[in-house]
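All remarks here apply to the structure that follows.
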Amino acid sequence: MFRTMMKGKIHRARVTEANLNYVGSITIDEDILEAVDMLPNEKVQIVNNNNGARFETYIIPGPRGSGVVCLNGAAARLVQEDDVVIIISYAMVAEEKVHDHKPKVAIMNEKNQIVELLGQEPAATIL
Numbered sequence: 001m002f003r004t005m006m007k008g009k010i011h012r013a014r015v016t017e018a019n020l021n022y023v024g025s026i027t028i029d030e031d032i033l034e035a036v037d038m039l040p041n042e043k044v045q046i047v048n049n050n051n052g053a054r055f056e057t058y059i060i061p062g063p064r065g066s067g068v069v070c071l072n073g074a075a076a077r078l079v080q081e082d083d084v085v086i087i088i089s090y091a092m093v094a095e096e097k098v099h100d101h102k103p104k105v106a107i108m109n110e111k112n113q114i115v116e117l118l119g120q121e122p123a124a125t126i127l
């Protein structure tokens, strides 16, 4: 049996741009992607803290150090610049390995810089 487990999370990133005139996807700074083990073309779930929208798309790498988090195409209709979003990737993990699985969680500041990198989410409900 396999379970779908959180693999990586970018917590409280700020949307830097919403570009409706694009094929689709989310562009994310490549440095951030590396920190949470996400790859170009990987499927991700986006949760918009400002309006409650939840949707899926795939990743396009953005320039390193740019802090870019840009929703493209139809997804641009679900966000506005400066919205706070959570970006989550998942992995299928074999039952015998789920207890050893360690996701990577990046806690972001308002400039889309990683302020903390966690191996799991804390039990506290507020960071």
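Number 38 in our numbering belongs to position 38 of the sequence shown; there are no gaps in the numbering.
Ideal Cβ placement from N, Cα and C applies to all residues, glycine included.
Treat the numbers as computed from the prediction; the structure is a model and nothing was measured.
Exercise for the section: Please check the pair Gly8 and Asp37, which I expect to be a contact at CB under 8 Å, by giving their CB distance rounded to whole angstroms. Expected result: 5 Å
Problem - Residues near Leu20 by beta carbon distance below 6 Å, same chain, minus five either side - result: Ala76
Problem - Under the three-state DSSP convention, the category Asp83 falls into - result: coil
Practice task
For Ile60, collect the residues of the same chain with a Cβ closer than 6 Å to its Cβ; drop the 5 residues on either side in sequence, then sort them by chain order.
Solution key: Ser25, Thr27
Practice task
Return the first residue and the last residue of the alpha helix (DSSP H) that Ala53 is part of.
Solution key: No alpha helix (DSSP H) contains Ala53, which DSSP labels as neither H nor E.
Practice task
Inspect the CB distances between the region 103-112 and the region 49-60 and report whether three or more fall short of 8 Å.
Solution key: no
Handout entry: Those runs of the beta strand (DSSP E) which lie wholly inside the region 66-118 and span at least 3 residues
Key = 69-72, 84-94, 104-108, 114-118
Practice task
With distances taken Cα to Cα, identify the nearest neighbour of Ile10 among Ile32, Arg3, Thr16.
Solution key: Ile32
Exercise for the section: Look at Ile88 and Ala35 and say whether their C-beta atoms are less than 8 Å apart. Expected result: no
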